[in-house]
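Undergrad: First residue of the sequence shown? That's 3 in our numbering, and the numbers climb one at a time after it.
Note that the Cβ used here is the ideal one computed from N, Cα and C, for glycine as well.
There's a structure below that I have some questions on.
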Amino acid sequence: MTGTHLPLGIDIGGSGIKGAPVDLEAGGFAADRIRIETPGRSTPKAVVKIATEIANEFAGVTGDGPVGVTVPAVTSGGTVLSAANIDNAWIGTDAGAMLADALGRPVTLLNDADAAGVAEVRYGAARDTAGTVLVATLGTGIGSALFVDGRLVPNTELGHLEIDGHDAERRASNGAREADDLSWEKWAKRLQRYFRHVEDLLWPDLIVIGGGVSKKADKFLPLLDLRTPIVPAALRNDAGIIGAAWTASQAAGEAV
Ligand code: BGC
3 MTGTHLPLGI DIGGSGIKGA PVDLEAGGFA ADRIRIETPG RSTPKAVVKI ATEIANEFAG
63 VTGDGPVGVT VPAVTSGGTV LSAANIDNAW IGTDAGAMLA DALGRPVTLL NDADAAGVAE
123 VRYGAARDTA GTVLVATLGT GIGSALFVDG RLVPNTELGH LEIDGHDAER RASNGAREAD
183 DLSWEKWAKR LQRYFRHVED LLWPDLIVIG GGVSKKADKF LPLLDLRTPI VPAALRNDAG
243 IIGAAWTASQ AAGEAV
């Protein structure tokens with residue numbers, strides 16, 4: 003890294019907003035992460051306020067360095083274009099500019115699953131994997147990040163495939179498992195239906211499962227019968243922050 007300041011990653015999720023400075027050489031946090039509850043009404047204004055608090059906490063190590071921020075939505079440039087599991091007020095908002103104004107630093111905004119995927123490809127379970135890699139995050143929704151030879155195809159939104167007349171994430175996300183109080187076996191049946199469809203469309207070389215539930219992968223991955231190798235994420239819930247910081251650092255032209 004050329005800059006003396008560490009990049010900061012901030013991950014905006016449905017239940018928590020988390021941030022940490024990232025050591026890009028090690029591929030890990032440079033200080034303990036901070037987590038603040040997402041406000042009940044997660045409007046851009048309320049969330050930007052919390053992101054600013056988090057950035058201020060780490061000002062000593064991150065200085066005026068780049069900041070990567072994830073949102074659970076489609077993003078283009080700094081603008082948010084969808085809102086499946088966040089407040090609708092985000093749609094059409096130039097959140098990148100709002101955050102850059104509030105933080106006084108360059109901000110790169112990206113989809114949460116894309117950020118997690120970037121970290122898995124760069125440092126984690128898909129490190130150095132050639133060909134087509136799909137990173138799927140199983141949380142409140144289903145996020146997807148698609149890579150071809152390490153290069154991200156952004157905003158794939160494969161959690162919203164329609165399967166058997168349902169938006170796939172409403173049946174197969176970890177949120178659906180909890181809401182419907184499913185056993186691992188019952189949930190695995192839904193995952194099987196989902197990932198078989200996905201592999202029939204994309205023919206990936208590897209699928210990586212992210213999200214907090216990936217730490218319990220031994221309960222459900224062995225129940226799946228797929229032709230594609232499927233493995234748990236290595237960086238789990240840290241991946242979004244690490245991938246966001248890496249992407250922001252790249253955008254700032256810093257060599258890693
Ligand atoms: C959103 C995606 C997001 C995923 C995981 C989906 O509902 O549409 O943009 O990546 O949830 O948070």
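1. Please determine whether the Cβ atom of Thr249 lies at a distance below 7 Å from any heavy atom of the ligand BGC.
2. Could you check where the beta strand (DSSP E) with Phe149 kicks off and where it finishes?
3. Tell me whether Glu180 counts as near the ligand BGC, meaning its Cβ is closer than 7 Å to at least one heavy atom of that ligand.
4. What is the rounded straight-line gap between the Cα of Phe60 and the Cα of Ala28?
5. Nearest to Gly79 by alpha carbon, out of Pro108, Ile52 and Asp89?
6. So what's Val76 in DSSP terms, helix, strand or just coil?
7. In angstroms, rounded to a whole number, what distance separates the CA positions of Pro41 and Arg129?
8. Using three-state DSSP, classify His168 as helix, strand or coil.
9. Can you pull the DSSP bridge partners for Leu111?
10. Among the candidates Ala190, Val233 and Ala174, whose CA atom is the shortest distance from the CA of Asp207?
11. State yes or no: is the C-beta of Trp248 within less than 8 Å of the C-beta of Phe222?
12. When we look at the beta-carbon of Asp227 and count the other beta-carbons within 10 Å, is it buried (16 or more) or exposed?
13. Look up Glu180 in the DSSP assignment and say whether it is helix, strand or coil.
14. Measuring CB to CB, does Ala132 end up less than 8 Å from Asp151?
15. Can you tell me the Cβ-Cβ gap for Ile12 and Val71, rounded? I've got them flagged as a contact below 8 Å.
16. Since Thr54 contacts Ala104 with CB under 8 Å, what's their CB separation in whole angstroms?
17. Starting from the C-beta of Pro156, find all residues in its chain whose C-beta is less than 7 Å away, skip the five residues before and the five after it, and write them out in chain order.
18. Would a C-beta distance cut-off of 8 Å place Ala278 and Pro46 closer than the cut-off?
19. Could you check if Thr4 is buried or exposed, using at least 16 other CB atoms within 10 Å of its CB as the buried criterion?
20. Would Arg192 and Arg173 qualify as a contact pair, given that the criterion is a beta-carbon distance under 8 Å?
21. Asn90 to Ile56, Cα distance in whole Å?
TA: Well, looking at it:
1. no
2. Ile144 to Val150
3. no
4. 18 Å
5. Pro108
6. coil
7. 35 Å
8. strand
9. Val71
10. Val233
11. no
12. exposed
13. helix
14. yes
15. 5 Å
16. 5 Å
17. Asn113 and Asp116
18. Since the first residue of the chain shown is 3 and the last is 258, residue 278 is not available in this structure.
19. Residue confidence for Thr4 is low, a pLDDT of 44 falling below 50, so the modelled location carries little weight and cannot support an answer.
20. yes
21. 23 Å
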